[in-house]
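Quick note on numbering: the sequence shown equals residues 1 to 260 in the numbering used here.
Positions of the beta carbon are idealized from the N, C-alpha and C atoms, including for glycine.
Remember, it's a predicted structure, so these values are computed and weren't measured experimentally.
Below is one structure, written out as structure tokens; comments come after it.
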Amino acid sequence: MLRKLLYILFLALTVPTMAIEVPCGTWIELRATAIEDWHFDHWSDGDTSAVRQVEVLSNAHYIAYFAPNCGDYAALPVVSLYEWLLMLDVRTIQSKGYLFSPENVTWYRVRGVPDKLEDGASADDEICGTGYYLTIDRSLIGTGDYYAIVDMSYSPSGVLCNGLMRSELIHYSSAEATERRVPILEPTFVHAGEEQRLLHLNPANETKVTVSDMAGRTIQQLKVDGTERMTLYAAPAAGSYQVTVINGTEKYVLRYMVVK
């Protein structure tokens with residue numbers, strides 16, 4: 001009978017977790033499971049699959065190496081609201097001891113594939129803004145994929161990570177939406193009475209538009225025919241509003257926000 005030992009390594013600590021005996025020629029499964037805020041990196045023999053099958057042919061030791069979820073692995077949580085606003089989940093992040101200000105947060109739109117933090121001068125993702133939240137002058141649907149980079153250099157000692165950390169990737173790319181040219185409203189972050197444009201209507205169909213507040217009360221109703229675009233004017237009071245667009249047999253629900 002041959003003995004196979006599996007060790008788990010966290011940073012500089014090596015902790016033996018099990019020693020099993022199996023017959024020679026047996027295939028067994030090794031599974032490396034990370035605890036919260038860590039991820040599997042590699043095995044001591046160079047294999048990078050967290051779950052793998054190995055054949056027992058001789059005595060062997062396997063060590064699983066884990067690394068903290070820092071830098072590109074951080075996946076800081078982001079909240080998406082009404083398809084027009086992305087907001088870093090500041091409360092959840094700060095509950096883990098991290099300290100940062102709005103000026104420490106930079107938002108990016110992906111060009112091609114997401115840049116890695118080590119790309120440096122070769123990075124080409126587009127900077128979209130700074131601050132705890134991101135909004136653009138239209139619905140985010142079909143506009144691309146987004147993420148934030150947060151500088152945690154000002155966090156106190158003792159936290160798991162330090163320096164730059166990436167948020168989770170938020171997907172708003174949609175080849176289907178681009179092909180079908182679904183209606184979009186722009187801008188969606190407006191002041192009271194500001195002019196808005198409803199675009200990508202099918203001119204072959206009649207379009208009915210109903211604007212309502214979040215309590216369901218109808219604010220405005222419009223009807224147009226034979227046009228690809230129409231003009232709307234934002235509601236006179238601050239708040240969030242729903243725009244229901246019926247274009248032929250298709251129904252779409254859009255939203256916008258009026259700020260003071």
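Let me confirm a value: residue i is counted as buried when at least 16 other C-beta atoms fall within 10 Å, else exposed. Which label applies?
i, result
"D45", "exposed"
"I127", "exposed"
"G142", "buried"
"Y147", "buried"
"S167", "buried"
"A234", "buried"
Can you grab the Cα-Cα spacing for the pair residue i / residue j, in whole Å?
i, j, result
"L76", "V54", "35 angstroms"
"V78", "L88", "4 angstroms"
"M152", "D37", "16 angstroms"
"Y241", "W84", "12 angstroms"
"V113", "I184", "25 angstroms"
"D137", "T188", "6 angstroms"
Name the one or two DSSP bridge partners that residue i has.
i, result
"L81", "L85"
"A148", "W107"
"S167", "L76"
"H39", "A67"
Excluding sequence positions up to five away, which residues of its chain have a Cβ less than 6 angstroms from the Cβ of residue i?
i, result
"L99", "Y154 and S155"
"R31", "V51"
"E186", "D137, R138 and R197"
Where do the N-terminal and C-terminal ends of the beta strand (DSSP E) with residue i fall, by residue?
i, result
"I63", "A60 to P68"
"T210", "E206 to D213"
"C128", "E126 to T130"
"G71", "G71 to L76"
"T244", "G239 to N247"
"L99", "Run containing L99: none; DSSP gives neither H nor E here."
With respect to the alpha helix (DSSP H) encompassing residue i, which residues constitute its N-terminal and C-terminal limits?
i, result
"I93", "V90 to Q94"
Grab me the residues of residue i's own chain with a C-beta within less than 7 angstroms of its C-beta, minus the 5 sequence neighbours each way, in chain order.
i, result
"S80", "L86 and I170"
Can you find the residues in the same chain that come closer than 8 angstroms, C-beta to C-beta, to residue i, ignoring five residues on each side of it along the sequence?
i, result
"K262", "Since the first residue shown for the chain is 1 and the last is 260, residue 262 is missing from the structure and cannot be characterised."
"T130", "P102, E103, V105, T106 and W107"
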